[in-house]
Amino acid sequence: MTAKIIDGKAIARTMREEMAEEIARLKQRGIHPGLGVLLVGDDPASCSYVSAKEKACGEAGIHSRQIHLPASAPYDEILAATHDLNSDAAIHGVLVQLPLPDPKMERGVLQAVSPDKDVDGLHPVSAGRLMLGLPAPWPCTPHGILQLLKRSRVKTAGAHVVIVGRSSLVGRPLANLLSMKSEQGNATVTLCHSCTKDIAYHTRQADIVIAAAGRPKLITADMIREGAVVIDVGVNRVEDASAKKGYRLCGDTDFEGLREKASLITPVPGGVGPMTITMLIYNTVQSAAGAWSGGGAHG
Ligand code: GUN
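Here the sequence shown is numbered in this note's numbering, starting from -14 and rising by one per residue.
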């Protein structure tokens, strides 16, 4: 079997076209959606993600504002910048780019984001509401994966989904969403991580494998069953002297090997990545429309 490719770029484009109508409707009501991004330090991958997010905002007709602090910025200054974005009336969504230079600051800084503007869905209030099935901003990557599955007509109801990776950004919220009693959920979910004894034992039983461990080519063809659907969340930079930038992007799966065995697979780049940014725009538009404060978003 040769897998069909799930084209994240094309699905993202379709979703952005759909959102353009909603953005136009909001503007007619005098609401101009805005996203505020806080970047601390100069990590190359983070700088490149932030530029991509701002470019996407520009293309969608969304206002964006960036605060860029040096890596040495003290905790108080980072909190003050977060509050500055929270209180900016032109900003409906606030995002703190992760990782912070000092990961110990992350919990406190994420809690400083106003839950009403938490377009990343990483505030404890948002995470709690998601877990309870209440209206909440869903974290962008898990939400993007649900859209990829839905729009590729992959049924999750009754499916066995094995997620490899338990981060609070991807693995754990995704396990919650997929196991929820809802149209895009109803799956049986296994969450594997670095202490799982035999990851392959679990992935071989999966109808859908989601690789989100941040380990290049962790999932190989012998680890999946024939016809499985494979979603690769990994964005690993691996050194490559022949590449212009000196590195190339590699997912968490051995794409070439899996391609011969899976029924559907996402490429890296061009799979999950474009959806993450699209869902950020989606959450910003939802926030501008008052979806969480008014009750109603998602289902
Ligand atoms: N760093 C890598 N992915 C993400 C994301 O989805 N949100 C934030 N805030 N930082 C990230």
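Every residue gets a Cβ at the ideal spot worked out from N, C-alpha and C, and that includes glycine.
All figures in this text were calculated on a predicted structure; none of them were measured in a lab.
Going by DSSP in three states, residue i sits in which element: helix, strand or coil?
| i | result |
| --- | --- |
| Gln51 | strand |
| Ala292 | Outside the displayed span of the chain (-14 to 284) sits residue 292, for which this structure offers no information. |
| Gly284 | A caution first: Gly284 carries a pLDDT of 40, below 50, which makes its placement in the model too unreliable to give a value. |
| Asn268 | helix |
| Thr181 | coil |
| Ile209 | coil |
| Leu107 | coil |
| Arg138 | coil |
| Thr298 | In the structure as shown, the chain begins at -14 and stops at 284. Residue 298 is therefore absent and cannot be evaluated. |
| Gly26 | coil |
| Val149 | strand |
| Arg(-2) | helix |
For residue i, which residues in the same chain have their Cβ closer than 7 Å to its Cβ, ignoring the five residues on either side in sequence?
| i | result |
| --- | --- |
| Gly284 | With a pLDDT of 40 at Gly284, under the threshold of 50, the modelled position of this residue cannot be trusted; read the value that follows with caution. Ser167 and Glu168, listed in sequence order. |
| Ile(-10) | Ile250 and Pro252 |
Smallest Cα separation from residue i: which of the options?
| i | options | result |
| --- | --- | --- |
| Ile266 | Asp192, Ala45 and Lys(-6) | Ala45 |
| Leu302 | Arg14, Ile130 and Thr126 | The structure shown does not extend to residue 302, since the chain is modelled only from -14 to 284, so the question has no answer here. |
| Thr188 | Ile148, Thr173 and Leu162 | Ile148 |
| Ile130 | Lys89, Ala(-12), Ala97 and Ala196 | Ala196 |
| Val146 | Leu163, Gln132 and Arg157 | Leu163 |
| Thr173 | Pro201, Lys140, Gly236 and Ser152 | Lys140 |
| Arg1 | Asp225, Met260 and Lys182 | Met260 |
| Leu83 | Gly43, Asn71, Lys40 and Tyr34 | Tyr34 |
| Ser272 | Cys235, Gly236, Asn71 and Leu133 | Asn71 |
| Cys42 | Gly21, Ala30 and Asp28 | Gly21 |
| Met116 | Asn161, Asp28 and His108 | Asn161 |
What do you reckon, are the CB atoms on residue i and residue j nearer than 8 Å?
| i | j | result |
| --- | --- | --- |
| His128 | Met264 | yes |
| Lys101 | Ser278 | What sits at residue 101 in the sequence shown is Asp, not Lys. Yes, the Cβ-Cβ distance between Asp101 and Ser278 is below 8 Å. |
| Leu23 | Val110 | no |
| Gly150 | Ala198 | yes |
| Pro124 | Val25 | no |
| Ala142 | Asp192 | no |
| Ile209 | Leu159 | no |
| Ile204 | Thr251 | no |
| Val218 | Val257 | yes |
| Val288 | Glu7 | The structure shown does not extend to residue 288, since the chain is modelled only from -14 through 284, so no value can be given for it. |
Whose C-beta lies closer than 8 Å to the C-beta of residue i among residues of the same chain, with five residues either side of it excluded?
| i | result |
| --- | --- |
| Ala75 | His17, Gly19, His48 and Arg50 |
| Thr67 | Leu23, Val79, Val81, Val94, Ala97 and Val98 |
| Gly231 | Glu224 and Asp225 |
Rounded to whole angstroms, what is the Cα-Cα separation between residue i and residue j?
| i | j | result |
| --- | --- | --- |
| Arg114 | Asp(-8) | 31 Å |
| Pro59 | Ala206 | 46 Å |
| Pro120 | Lys135 | 20 Å |
| Met(-14) | Ala213 | 10 Å |
| Gly78 | Asn268 | 8 Å |
| Ser179 | Arg(-2) | 35 Å |
| Pro55 | Lys246 | 46 Å |
| Asp225 | Gln13 | 49 Å |
| Arg233 | Asn221 | 8 Å |
Below 6 Å CB to CB, which residues in the same chain sit around residue i once its five sequence neighbours on both sides are set aside?
| i | result |
| --- | --- |
| Asp69 | none |
| Lys202 | Asp239 |
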